[in-house]
RNA sequence: CGGGGCGUGGCGCAGUCCGGUUAGCGCACCUGCUUUGGGAGCAGGAGGUCGCCGGUUCGAAUCCGGCCGCCCCGACCA
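Residue numbers (our numbering): 561 to 1051.
Quick look at the structure:
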């Protein structure tokens, strides 16, 4: 087993990298901090994208596309936004290269741009500049748009999928006539993300809002979903921002309402990225490699034929093709691997590394008894079942795997979720087990910062119904707390 | 930006301390035969400016100087 995955217990980071690379999802690229998404990884992303896109359209949104370049002056318009993003922007300053005296390629000084362009780290600025032209009247509202795009944030320490200098994402940008409507939209999209995470990714999440220090630069309120990874660290899986009138004011975007009054437009933005793939990996995968939920797997089933001579080959392949068709007709995405140059054993390992939810093997033994061998990736259980009714059986099994992955993940989260009242206990839990910790917080940024410095844990979210919860005293300062908040070390 | 590690066929490494045949090994790759129900075996084969530049030397992967790049930990970070 020279190509086995490093066990999680030995080195979690190495395990993660192994799963990504051996699952053929992505490679490091020659461009620092960027990744090459391989066909397997892209197919997974496409499935996620297609499902999310459907959900966005079902909630009334349309897609558009804005340029990758943002005029530098736009970034200056919203003060907090500049501060948040300025230190991780790639900047385009020249339009061509030339050679110096030594023959080295350099940006041609004569091609220096009159104004620099920023490679978008997010598109609020250029979009709100345009919205100010599109919106005049309340009749123009709301605008409910989304774009699928790549963005660049020059991160100091990248990790495949979790934090890359360039990543793929969607960003929704909506404009509303009233504050209430904008907040409603912000919450609606948070629910969309929650449904997607739980029903499709089989990844349980908590909903909430960010503390001020973790808020999106330029937002009034940042809503988020947070998931717990197998190593006890939290992953922010999606965010939905209520932007208030901040960007409308920065880009002078007003409209005339029913009473002929000029008012600034209310805004939201919301996004999820290829980071979700990192979350998917760290939620379900094991020491044998990738484990994918059936609803998102590029192939739900792989068929592996087994034969020892040409006569058997003919019969086995015929049976495989028949079953492949039967499964495809039932709406199952199925791949048949009839590659003659690899052994069945090699294929078994390969598709486990790739996380294919169900493997179906057919050999001479099965043909004699009209059976097939079914193996599920999540539990690695193998069963011999009759060929008759195979499509229904496989469909049921896929449903069961989907449900089971979610149940297992939720169970793991429950085991690693703690409630503490005492700061010493808090430190001990964070140090030894990690995981989520519900604790009281006095609401001050100073306390939050001190806890982060001393323990490495941050406030992941304030629950949406925090004010309905029990009040108490801050575990560190003893000051009054309006309710427990969720702490964890985070990616 | 601070601390640590590493650059040698596609990948992973040995060799470097102590300079000296034709730079090795495992995996992967190509050809042939035998194989195929959990990463097959044998035989043959191809593939390397030893990160880059300069220096020392009869001779440099190895010693010296400079440069570049990557990885890990930290700081940073939707």
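The beta carbon of each residue, even a glycine, is placed where N, CA and C say it ideally should be. None of the values given here were measured: they were computed from a predicted structure.
Cβ pair residue i, residue j closer than 9 Å
i            : j           : result
residue 651  : residue 677 : yes
residue 1017 : residue 974 : no
residue 890  : residue 954 : yes
residue 884  : residue 866 : no
residue 595  : residue 760 : no
residue 612  : residue 711 : no
residue 768  : residue 924 : no
residue 568  : residue 897 : no
residue 938  : residue 844 : yes
residue 789  : residue 842 : yes
Exposure of residue i, with buried meaning 16 or more beta-carbon neighbours within 10 Å
i            : result
residue 1047 : buried
residue 620  : exposed
residue 737  : buried
residue 868  : exposed
residue 684  : buried
residue 1031 : exposed
residue 905  : exposed
residue 716  : exposed
residue 561  : Unreliable placement is indicated for residue 561, whose pLDDT of 34 sits below 50; no coordinate value is reported for it.
residue 692  : buried
residue 746  : buried
residue 995  : buried
residue 597  : buried
residue 625  : exposed
residue 623  : exposed
residue 1041 : buried
residue 962  : buried
residue 914  : buried
residue 686  : buried
Extent of the continuous alpha helix (DSSP H) run through residue i
i            : result
residue 718  : Neither: residue 718 is in no alpha helix (DSSP H) and is coded neither H nor E.
residue 807  : 806-810
residue 607  : 599-618
residue 904  : 904-913
residue 833  : Residue 833 -> not in any alpha helix (DSSP H); beta strand (DSSP E) instead, spanning 826-833.
residue 866  : Segment: none, residue 866 is in no alpha helix (DSSP H) and carries neither H nor E.
residue 1010 : 1005-1015
residue 929  : 924-929
residue 577  : 572-582
residue 745  : 739-755
residue 896  : Where residue 896 is concerned, there is no enclosing alpha helix (DSSP H), although the beta strand (DSSP E) it sits in stretches over 894-896.
residue 634  : 632-635
The ligand ATP heavy atom lying under 8 Å from the CB of residue i
i           : result
residue 882 : The ligand ATP is not among the ligands present in this structure, which contains no ligands whatsoever.
Where the beta strand (DSSP E) containing residue i begins and where it ends
i            : result
residue 587  : 586-588
residue 966  : Looking at the DSSP string, residue 966 is not in any beta strand (DSSP E); the run it does join, the alpha helix (DSSP H), is 950-975.
residue 644  : Taken as a continuous stretch (DSSP letters only), residue 644 belongs to no beta strand (DSSP E), being part of the alpha helix (DSSP H) at 639-645.
residue 781  : 781-788
residue 987  : Not the beta strand (DSSP E): residue 987 falls in the alpha helix (DSSP H), residues 983-992.
residue 1019 : 1018-1023
residue 684  : Taken as a continuous stretch (DSSP letters only), residue 684 belongs to no beta strand (DSSP E), being part of the alpha helix (DSSP H) at 684-694.
residue 996  : 996-1000
residue 1044 : 1044-1048
residue 675  : 672-679
residue 768  : 766-769
Touch test, the stretch 723-741 against the stretch 820-834, Cβ-Cβ under 8 Å, three pairs minimum
yes
For the pair the stretch 574-593 and the stretch 833-852, tell me if three or more CB-CB distances fall below 8 Å.
yes
Please determine if the stretch 773-787 and the stretch 797-815 are in contact, where contact requires at least 3 C-beta pairs separated by less than 8 Å.
yes
Counting pairs of Cβ atoms below 8 Å between the stretch 803-810 and the stretch 917-935, do you hit three or more?
no
May I ask you to verify whether the stretch 654-671 touches the stretch 695-705, counting CB pairs closer than 8 Å and requiring at least 3?
no
Pairing CB atoms from the stretch 1034-1048 with CB atoms from the stretch 995-1009, are three or more of them under 8 Å?
yes
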